[in-house]
Amino acid sequence: SRANRGAERFTVYQVGQDEAHLRQIRVANRLREAVEAGAFELLYQPKYSLRQARISSCEALVRWQDEELGPVFPDEFIPIAEQTGMITAISEAVLATALADLAMLREHSDGLAVSVNLSGIDILKPPFIDRVIEQVRESGLPASAVVLEITETAMVEDLELARGHLLRLDAAGLALSIDDFGTGFSSLGQLRALPARELKIDRSLVQPLGDRSEDRQIVASTIDMAHHLGLSVVAEGVENMEIVNHLHAMGCDVLQGYFLARPMPAEALAAWLDEPPAQVAALEHLARG
Ligand code: C2E
Ligand code: MG
Ligand code: MG
Ligand code: MG
Numbered sequence: 483s484r485a486n487r488g489a490e491r492f493t494v495y496q497v498g499q500d501e502a503h504l505r506q507i508r509v510a511n512r513l514r515e516a517v518e519a520g521a522f523e524l525l526y527q528p529k530y531s532l533r534q535a536r537i538s539s540c541e542a543l544v545r546w547q548d549e550e551l552g553p554v555f556p557d558e559f560i561p562i563a564e565q566t567g568m569i570t571a572i573s574e575a576v577l578a579t580a581l582a583d584l585a586m587l588r589e590h591s592d593g594l595a596v597s598v599n600l601s602g603i604d605i606l607k608p609p610f611i612d613r614v615i616e617q618v619r620e621s622g623l624p625a626s627a628v629v630l631e632i633t634e635t636a637m638v639e640d641l642e643l644a645r646g647h648l649l650r651l652d653a654a655g656l657a658l659s660i661d662d663f664g665t666g667f668s669s670l671g672q673l674r675a676l677p678a679r680e681l682k683i684d685r686s687l688v689q690p691l692g693d694r695s696e697d698r699q700i701v702a703s704t705i706d707m708a709h710h711l712g713l714s715v716v717a718e719g720v721e722n723m724e725i726v727n728h729l730h731a732m733g734c735d736v737l738q739g740y741f742l743a744r745p746m747p748a749e750a751l752a753a754w755l756d757e758p759p760a761q762v763a764a765l766e767h768l769a770r771g
């Protein structure tokens with residue numbers, strides 16, 4: 483009967499929910515140990531600046547391989563780390579490693595910058611802001627070589643508090659980048675209040691560029707508006723030359739994605755910088771027009 487089918491569906495839904503909840507608890511427990519043991523690794527994905535005709539930066543992306551759970555991806559464990567308050571310890575560890583790796587990588591590429599992803603939760607904590615500024619100062623690296631990527635949605639919780647903290651980071655010379663633009667609810671108008679220097683267009687807007695012209699218009703006007711606000715524009719998730727050509731025609735400043743390189747360990751990036759592959763030459767050709 484219909485009522486029975488409804489009950490069955492309800493049971494399936496419940497079991498699925500309980501399983502998801504159990505998994506979250508397991509991940510949270512393992513995560514606590516991983517934070518204590520410092521069990522995270524970083525991969526770096528380079529970015530190519532069409533404006534400067536060079537590899538300008540790399541993004542640090544955290545990886546966690548747990549003995550019991552196997553590899554757990556950031557899209558799963560970062561939200562759990564945020565809910566349990568462990569995120570800030572992770573962010574500090576990531577920043578410390580990224581600064582040490584950047585010092586090494588700059589021996590292979592003059593003036594290279596690094597970007598680190600922060601959570602909106604970090605940005606609301608005054609002691610965290612102090613420690614970021616202190617860590618960067620102690621590293622001896624120019625603060626302008628350190629970019630902090632933050633998603634727009636992460637900040638709406640308390641925009642005024644976030645803004646004050648971001649102004650302090652900006653005053654200390656660090657650059658702020660708005661990550662995953664196009665996935666949240668805020669507009670470029672709202673972002674004007676933030677001291678951002680860079681806007682990253684989310685890959686969900688970038689990837690359809692090859693086949694849908696209406697998306698092209700959205701990306702083109704986003705780039706134009708960002709430029710009017712004085713922001714540099716990075717496109718993420720660039721996977722092929724067709725999309726590269728569209729973005730170049732639209733005046734996009736920086737490209738990041740599998741077309742250029744997949745995320746890799748610091749030592750591999752050092753070797754990659756020493757001998758850049760053919761894609762880099764293709765982008766250089768385009769950039770020098
Ligand atoms: P994100 O900051 O937007 O990073 C870009 C994600 O897209 C990365 O996934 C990257 O590996 C992937 N990606 C890059 N190029 C391409 C491409 O051409 N095609 C496709 N399909 N994907 C591409 P990843 O490493 O799994 O990270 C996912 C998200 O997790 C990040 O998104 C970021 O929001 C978060 N995350 C990563 N590391 C950290 C961290 O250290 N701290 C915090 N708070 N969040 C992090
Ligand atoms: Mg990012
Ligand atoms: Mg992103
Ligand atoms: Mg993303």
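According to UniProt numbering, the sequence shown is numbered sequentially starting from 483.
Ideal Cβ positions, reconstructed from N, Cα and C, are used throughout, including at glycine.
Remember, predicted model here, so these are calculated numbers, not experimental data.
For a test of your reading of the model: does the CB of residue i fall under 7 Å from any non-hydrogen atom of ligand 6? Yes or no.
i: R685; result: Absence of ligand 6 from the depicted structure is noted, with ligand 1, ligand 2, ligand 3 and ligand 4 being the only ligands included.
Do the CB positions of residue i and residue j come within less than 8 Å of each other?
i: S597; j: E631; result: yes
i: R698; j: H728; result: yes
i: L755; j: I537; result: yes
i: L581; j: V618; result: yes
i: V517; j: I562; result: no
i: V576; j: L623; result: no
i: S659; j: A678; result: yes
i: L648; j: L687; result: no
i: D661; j: N599; result: yes
i: I530; j: L765; result: Here residue 530 is Tyr; the residue named in the question, Ile, does not match the sequence. Yes, they are a contact pair.
i: A743; j: P528; result: yes
i: I560; j: F522; result: no
i: E550; j: R505; result: no
i: D693; j: T665; result: no
i: S714; j: V629; result: no
i: H710; j: L532; result: no
Which partner residues does residue i have in the DSSP bridge list?
i: D548; result: G552
i: K529; result: S539
i: F522; result: W546
i: L630; result: V598, L658
i: M746; result: Y526
Closer than 7 Å to a non-hydrogen atom of ligand 2 - does that hold for the CB of residue i?
i: D661; result: yes
i: N722; result: no
i: E631; result: yes
Between the alpha carbons of residue i and residue j, how many angstroms are there, rounded?
i: L737; j: V720; result: 7 Å
i: P553; j: E541; result: 20 Å
i: A657; j: I603; result: 18 Å
i: G520; j: I611; result: 21 Å
i: L651; j: P609; result: 12 Å
i: E749; j: A595; result: 16 Å
i: A717; j: Q499; result: 36 Å
i: A708; j: L681; result: 7 Å
i: E589; j: G733; result: 30 Å
i: A763; j: L751; result: 17 Å
i: I724; j: W546; result: According to the sequence displayed, residue 724 carries Glu and not Ile. Taking the straight line joining both Cα atoms gives about 33 Å.
i: L673; j: R514; result: 34 Å
i: Q565; j: I507; result: 11 Å
i: I569; j: P745; result: 21 Å
i: E620; j: E501; result: 45 Å
i: R484; j: T635; result: For R484, the pLDDT reaches just 48, beneath the cut-off of 50, and the residue's location in the model is therefore unreliable, although a value from the coordinates is still provided. So the two alpha carbons sit approximately 41 Å from each other.
i: A625; j: G655; result: 5 Å
i: Q534; j: T704; result: 21 Å
i: G593; j: P758; result: 16 Å
i: E543; j: E574; result: Looking at the sequence itself, residue 543 is Leu, so the reference to Glu does not match. Taking the straight line from one Cα to the other gives about 13 Å.
i: L606; j: D640; result: 8 Å
i: S591; j: D735; result: 19 Å
i: I615; j: V701; result: 34 Å
i: L587; j: D548; result: 27 Å
i: S601; j: G567; result: 11 Å
i: R613; j: Y526; result: 23 Å
i: G646; j: A760; result: 44 Å
i: A653; j: F663; result: 23 Å
Does the beta carbon of residue i fall short of 7 Å from some heavy atom of ligand 3?
i: I529; result: A quick correction: the sequence has Lys, not Ile, at residue 529. Flag unset: Cβ of K529 not near ligand 3.
i: E518; result: no
i: E718; result: yes
i: K607; result: no
Should residue i be counted as a contact of ligand 1 given a C-beta to heavy atom distance under 7 Å?
i: Q738; result: yes
i: D557; result: yes
i: E616; result: no
i: P745; result: yes
i: L542; result: Here the sequence assigns Ala to residue 542, which means Leu is not the residue at that position. Yes, Cβ of A542 sits closer than 7 Å to a heavy atom of ligand 1.
i: L600; result: yes
i: V715; result: no
i: S573; result: yes
i: V576; result: yes
i: I562; result: no
i: I537; result: no
- Task: With a floor of 3 residues, list each beta strand (DSSP E) that falls wholly inside the region 662 to 741, ordered by position along the chain.
- Result: 680 to 683, 714 to 717
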